[in-house]
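So the structure is just underneath, and the comments pick up after that.
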Amino acid sequence: MVKLGKHFTITVTKPADNDQVDYQFISAAGVKTALEKSIISHYENYDLDPVIDASNTYVTRKLISITSPEITVKSTDSNDGLMRTYDVTIADDYAGFRKDTGIGLISWRPKDLSGVLPPANIKDPNADQIFTKGYYQGVALKDTALQNYLEQHPWKLTVTNEQGQELVNQEAGYYLQPYVYRNDTTSNSGILTGKVNNVENQQVKETIHYLYKDTGKEAVPTYTTKLGFARINDDGQWLAWTPANDTFAAVDVPVIAGYHAVDEGGNPVKAIAAITVNHDSPDVDITVYYVADPQVLTYTVIDKDTQKVLENQVPLANGLSDEPLPTDTAAKYQQVIQGYQDKGYYLVSADKLPAAFDDNSSVNQNVTIYVAKRNQLHSEERTVTRTIMYYDKDTGKQLDILPVKQAVKFTRQAVISGQDGSLLGYNLDGKQDNHGNYLIEETNGDKAWTPATGEWAASTNPILTEQGYELAEDANGQAYPLVAEGHPTALSGDEEVKVFYPEKVIVTNEELPVKRTVNYVYANGPRKGEVAAPSVHQQVTFSRPKKVNQVTGETKVGEWTTKDNQFSAVSSPVIDYYTPSQVTVAAMQAKPDDPNITVTVEYKTAPNAVTYTIIDDTDDKTLVDHQSLTSGFADEALPASATAAYQGAIDHYRQLGYTVVSEDKLPSKFTHIDQNVVVHILMKNSLQVEHQTTTRTITYYDRTTDKQIMIEGVTEPVIQQATFTRQAIVAGPHHQIIGYTLNQQRDQNGNYLVEIPLANADQAWKLEKDGWPASPNPDLQKYGYAAPEDTKGNPYPVVVDGHPTALVPSESVKVYYQPRITSKEEQAQSLRTIHYVYANGPRKGETAAPDVQQVVTFARSLTTNEVTKEVNRGDWHVLQSETIKAGQSVIESDPTSFAAVISPSIKGYTPDQTVVANELASQGEQPIEVTVNYTTEPHEITYSVIDDATGLTLINHAQLGSGYANEQIPLAMREDYQNVSAHYEQLGYKLVSQETLPAAFADHDLM
1 MVKLGKHFTI
11 TVTKPADNDQ
21 VDYQFISAAG
31 VKTALEKSII
41 SHYENYDLDP
51 VIDASNTYVT
61 RKLISITSPE
71 ITVKSTDSND
81 GLMRTYDVTI
91 ADDYAGFRKD
101 TGIGLISWRP
111 KDLSGVLPPA
121 NIKDPNADQI
131 FTKGYYQGVA
141 LKDTALQNYL
151 EQHPWKLTVT
161 NEQGQELVNQ
171 EAGYYLQPYV
181 YRNDTTSNSG
191 ILTGKVNNVE
201 NQQVKETIHY
211 LYKDTGKEAV
221 PTYTTKLGFA
231 RINDDGQWLA
241 WTPANDTFAA
251 VDVPVIAGYH
261 AVDEGGNPVK
271 AIAAITVNHD
281 SPDVDITVYY
291 VADPQVLTYT
301 VIDKDTQKVL
311 ENQVPLANGL
321 SDEPLPTDTA
331 AKYQQVIQGY
341 QDKGYYLVSA
351 DKLPAAFDDN
361 SSVNQNVTIY
371 VAKRNQLHSE
381 ERTVTRTIMY
391 YDKDTGKQLD
401 ILPVKQAVKF
411 TRQAVISGQD
421 GSLLGYNLDG
431 KQDNHGNYLI
441 EETNGDKAWT
451 PATGEWAAST
461 NPILTEQGYE
471 LAEDANGQAY
481 PLVAEGHPTA
491 LSGDEEVKVF
501 YPEKVIVTNE
511 ELPVKRTVNY
521 VYANGPRKGE
531 VAAPSVHQQV
541 TFSRPKKVNQ
551 VTGETKVGEW
561 TTKDNQFSAV
571 SSPVIDYYTP
581 SQVTVAAMQA
591 KPDDPNITVT
601 VEYKTAPNAV
611 TYTIIDDTDD
621 KTLVDHQSLT
631 SGFADEALPA
641 SATAAYQGAI
651 DHYRQLGYTV
661 VSEDKLPSKF
671 THIDQNVVVH
681 ILMKNSLQVE
691 HQTTTRTITY
701 YDRTTDKQIM
711 IEGVTEPVIQ
721 QATFTRQAIV
731 AGPHHQIIGY
741 TLNQQRDQNG
751 NYLVEIPLAN
761 ADQAWKLEKD
771 GWPASPNPDL
781 QKYGYAAPED
791 TKGNPYPVVV
801 DGHPTALVPS
811 ESVKVYYQPR
821 ITSKEEQAQS
831 LRTIHYVYAN
841 GPRKGETAAP
851 DVQQVVTFAR
861 SLTTNEVTKE
871 VNRGDWHVLQ
881 SETIKAGQSV
891 IESDPTSFAA
901 VISPSIKGYT
911 PDQTVVANEL
921 ASQGEQPIEV
931 TVNYTTEPHE
941 ITYSVIDDAT
951 GLTLINHAQL
961 GSGYANEQIP
971 LAMREDYQNV
981 SAHYEQLGYK
991 LVSQETLPAA
1001 FADHDLM
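Residue numbering for the sequence shown follows full-length UniProt numbering, beginning at 1 and increasing consecutively.
Structure (structure tokens):
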């Protein structure tokens, strides 16, 4: 069986335009509505209960609710307007469409409605003959020409499914509702009589929730069912409820492995019992909870070699069904394994831990560990020692010097059986098999010894010259600087070595220095107590011969002698800002028994001050001049109180409304001269934005009724708003308005310049956004209206653009439409307006050149039927393209486009578009606004200062300010220029000449 499917198309073709019948396709929304009423969803048959005391009346035991699938219908028309295709998409499966319900696709209406009346000879239904001819069906018509036309001009229907199969492709006829004949002449309406029974319905709902007890989350989808009850009102008498009562069937509780079900009281539950209800019973709501069963994870340890069970099913972790193992389970499991490894076992195998507890409560989960006993190493040691001792060769006695003992330790590793402790052999290098058992590498114990620690290394004999001895000798008197290295084995014996030292006598020249030190110290100031200059060290040296036995210490000495016994005079160094206590330290004679001499020269200095000055840059006035902050010695750090006092002075002026322009940083230390810091402050102004909105409302009226035309989406009032702002400059502690700025220009101190005086505040308004653009009045011909008119009846196609200011009151514009019936050519215009605007400079925002208006006119034939209000329109075609420039209109050669327009040349300005390109016009598009922005560059004014006496240029082309051509020189700039000469006059210069500033900026830089 071929089906439409969920995606199919319906194509309808109507006859061409004619004098008999007017055809209209049904809209996509209308077809969608008809399909929604006709579609049959999938449904389920339910048993029916007879209503008590009512014959042939039934109610369903369960309430039925069917949701129709969503239907989407889109339509497209052919270019000639004679064919429409409906694209139908149905979201879900469905059973089909009702065969007794029609779906309207095309509507028709005779242009002469009298043609559908019955012929004159037909007076009653019996005299009317029903026709079925070709594709026309209906009653006999008075107009036989209309009847013949309908029979000879059917419309066509094609239905195609999503596989591309044409299920219907045929011509279709027309249907005319049969007349209702009445004897009276005042009414042609039928009368319907009969009886309607009122039905009242009730339902009771049973809901069973299945939730996990611990989380409250759904464990099993919620079970719901409903029971329905009904009763009928028979001529004012309510019959009994049907059924009188009904029963919700018992419901088994679903089983979830690892969980047991309980009711809200915690009692075990396996099924929900059957519940009997009647029409006024409350809904049944039951919750079943699932509680997880407890689970245990155990471990077993088995000796792999002996098959002995060392531990059996010891608890490792506890939890609930399907719950992840505790995070420390793996660590505990590893601790069990490590414990056996620490006892001398090695791991043979271990079961992998499960990720979570299972849901079997009858059997514990168990993991098994297999281990085996490792053999062990037993270390054996043997030591061989060499002792080196030292003797006085002259006395033969051993010297009080610690003998050198060199011990070589030998070890061997015996391998002991892990099972019975017997000696298996020897291991040489610790090699093990993959289970940790040590390998037997030697069976002969004497060969298993290996050096472990120590050696008989070469030993350098000590040099005892400081103890009065000559160099070391052996027993034969030969030089013996070191004892050679030895190479003992584990089987060698201990060894003793003797080293001999002869006593030594030394003759020396003994010296005795007598010293004088001159120190230079700061006696006051920040460096008090510090060294002021490097010390001068002087020394007179006396000498005498001395003979000493180096061993016994016996000494013989001569008389003290010297070549020069005088300390020379020393001049004290010069240190800026300091005075020494001795300009010269005098010369003096030294004697052998004199003690060392120390002379101290002290340097002293005077303290210096730190002051501050505060200058008001607003009028260049000094408010505080060299006010003392603190005083101290040079290089001494300023006290914290000085910083607090300095900041307090600045904060005082901030509280008075000043802004700190700059402030010198306090020096960290005092210097040898007084220091002054300067603070520049300024009484600064700020901006305050003010807003103003002017509105123009355009409304559309029926001239004959003088009532507003209300057509949704067409004649809503046009509300145009122009928002203006102005920037007020406020100053002082009370934020008083002192004037207005246009471009937020500031002086050198950051204060906003007053460009508009307070008295001319109205001149400060600027359009911020929106406006009153030209508004084409809607074409209401398809609603039976003529072209728009103004209040005097003049054509009013467009409400021209307005140029409101902030002072213009809101405006209301009425556009009138004269209802009429006419056949005419309809025209529409696409507009493009080119604006020329200064984008910067003193004329920023002003019009740079007159606007250029461009109009492309479209036309189409329009026929309106007065009775039906239906409109047939032809295709749009282009009439002409017109450019209006400087009041002159030019008809362009290409009527389809807005012609290219060359932007006018303005001296000193550059347009961002030299040519506004041609552009294809489209009927119905919004007016196009093109803005050509003209920009210019600011120009500088610089100044130079020349010393005529020396010919030197003191300042060369310093920037005084910048601005746009013809823009007035700001007052602050003029003051700055005057301050230059005043500054040099304060420095002692005489003004010879000073060029006068121009009134406005030029179109080039000025020097």
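Glycine is no exception: its CB is placed at the ideal position from the N, C-alpha and C atoms.
Since the model is a prediction, treat every value here as computed from it, not as a measurement.
If you follow the beta strand (DSSP E) that ALA261 is in, where does it begin and where does it stop? According to the DSSP assignment, ALA261 belongs to the beta strand (DSSP E) that extends over 259-262.
THR863 to GLU825, Cα distance in whole Å? C-alpha separation (whole angstroms): 9 Å.
Given a threshold of 16 other Cβ atoms within 10 Å of its Cβ, counted over all protein chains shown, does THR920 qualify as buried or as exposed? Strictly speaking, residue 920 in this sequence is Leu, with Thr absent from that position. In this structure LEU920 is exposed. Its beta-carbon is surrounded by fewer than 16 other beta-carbon atoms within 10 angstroms.
Exposed or buried, which one is ASP912 when buried takes at least 16 other CB atoms within 10 Å? So ASP912 ends up on the exposed side.
According to the Cβ coordinates, are SER889 and ASN918 closer than 9 Å? Not a contact, by the Cβ cut-off of 9 Å.
Using a Cβ-Cβ cutoff of less than 6 Å, which residues in the same chain neighbour TRP764 once the five nearest sequence positions on both sides are dropped? Checking the sequence, you will find Ala at residue 764 rather than Trp. Once the five neighbours on either side are set aside, the close Cβ partners of ALA764 are ARG726, TYR740 and ILE756.
Kindly identify the DSSP beta-bridge partner or partners of LEU353. Per the DSSP secondary-structure output, LEU353 pairs with nothing in a beta bridge.
Rounded to whole angstroms, what is the Cα-Cα separation between SER571 and TYR653? Their Cα atoms are separated by approximately 55 Å.
Beta-carbon spacing of PHE670, PRO592 below 9 Å: By the CB criterion at 9 Å, PHE670 and PRO592 fall outside the cutoff.
Would you decide whether LEU192 is buried or exposed? Buried here means 16 or more other CB atoms lie within 10 Å of its CB. Below a pLDDT of 50, predicted positions are generally treated as unreliable, and LEU192, at 28, falls in that range; no measurement from the model is reported.
Taking only the alpha-carbon atoms, compute the straight-line gap between SER281 and ASP246 and give it to the nearest angstrom. Rounded to the nearest angstrom, the two C-alpha atoms are 11 Å apart.
Just mark LEU971 as buried or exposed, buried being the case when its beta carbon has 16 or more other beta carbons within 10 Å. A residue is called buried when at least 16 other Cβ atoms come within 10 angstroms of its Cβ; LEU971 does not meet this threshold and is exposed.
GLU151 lies in the alpha helix (DSSP H); which residues open and close that run? Secondary structure note for GLU151: its alpha helix (DSSP H) is the uninterrupted segment 144-152.
Enclosing beta strand (DSSP E) for ASP564 [first to last residue]: Here ASP564 belongs to no beta strand (DSSP E), and DSSP marks it neither H nor E.
What does DSSP give as the partner residues of TYR23 in its beta bridges? Answer by DSSP bridge pairing, in chain order: TRP108.
Are the CB atoms of ARG412 and TRP449 nearer to each other than 9 Å? The answer is yes: Cβ separation under 9 Å.
Beta-carbon proximity list for SER775, same chain, < 6 Å, skipping 5 on both sides: Excluding positions up to five away in sequence, the list reads ILE698, VAL718 and VAL799.
Pairwise C-alpha distance: SER981 and GLN994: When rounded, the distance between both Cα atoms is 8 Å.
Could you say which of GLU929, GLN589, THR950 and TYR391 lies nearest to PRO403 if we only look at CA atoms? It is TYR391.
In DSSP terms, what PRO938 is bridged to: The partner list for PRO938 (beta bridge, DSSP) is empty, contrary to what the question assumes.
Tell me the DSSP bridge mates of SER881? Answer by DSSP bridge pairing, in chain order: VAL856.
Can you give me the Cβ contacts of LEU82 inside the same chain, cut-off strictly under 7 Å, excluding the 5 residues immediately before and after it? The residues THR13, LYS14 and ALA16, in chain order, have a CB closer than 7 Å to that of LEU82 in the same chain once the five nearest residues on each side in sequence are set aside.
Check GLN748 in the structure and name its three-state DSSP category. Coil at GLN748, not helix or strand.
Tell me the residue span of the beta strand (DSSP E) that contains ASN476. From DSSP, ASN476 is part of no beta strand (DSSP E); its letter is neither H nor E.
Suppose contacts are defined by Cβ-Cβ distances below 9 Å. Is SER568 in contact with GLN538 by that definition? Taking 9 Å as the Cβ cut-off, SER568 and GLN538 qualify as a contacting pair.
Ordered list of beta strand (DSSP E) runs contained in the UniProt domain "Mub B2-like" (379-470), each at least 3 residues: For the UniProt domain "Mub B2-like" (379-470), whole beta strand (DSSP E) runs of length 3 or above, ordered along the chain, are 404-416, 423-427 and 450-453.
Considering only the alpha carbon of each residue, which of ASN434, GLY425, PRO462 and ALA452 lies closest to ASN444? Check the Cα spacing between ASN444 and each of ASN434, GLY425, PRO462 and ALA452: the tightest is with GLY425.
Okay, do the stretch 607-623 and the stretch 667-682 touch, 3+ Cβ pairs below 8 Å being the bar? With the cut-off at 8 Å, the stretch 607-623 and the stretch 667-682 touch.
Relative to the alpha-carbon of GLN748, which residue among LEU35, ARG832 and TYR977 has its alpha-carbon at the smallest distance? Of LEU35, ARG832 and TYR977, the residue nearest in Cα terms is TYR977.
How many angstroms separate the CA atom of VAL116 from the CA atom of GLY104? When rounded, the distance between both Cα atoms is 20 Å.
Extent of the continuous beta strand (DSSP E) run through ASN872: Per DSSP, the unbroken beta strand (DSSP E) holding ASN872 starts and ends at 871-873.
Report the three-state DSSP secondary structure of MET83 (helix, strand or coil). Secondary structure of MET83 (DSSP, three-state): strand.
Which listed residue (VAL536, GLU470 and ILE650) has its alpha carbon closest to that of VAL599: Closest by alpha carbon: VAL536.
Using alpha carbons as the reference points, say which of PRO502, VAL852 and GLN295 lies closest to PRO354. Nearest of PRO502, VAL852 and GLN295 to PRO354, Cα basis: GLN295.
GLY30 by DSSP, collapsed to three states: which one? In the structure shown, GLY30 sits in a helix (DSSP, three-state: H, G or I).
Outcome for GLU789 when other beta-carbon atoms lying within 10 angstroms are tallied against a minimum of 16: With at least 16 other beta carbons inside 10 angstroms of its own, GLU789 counts as buried.
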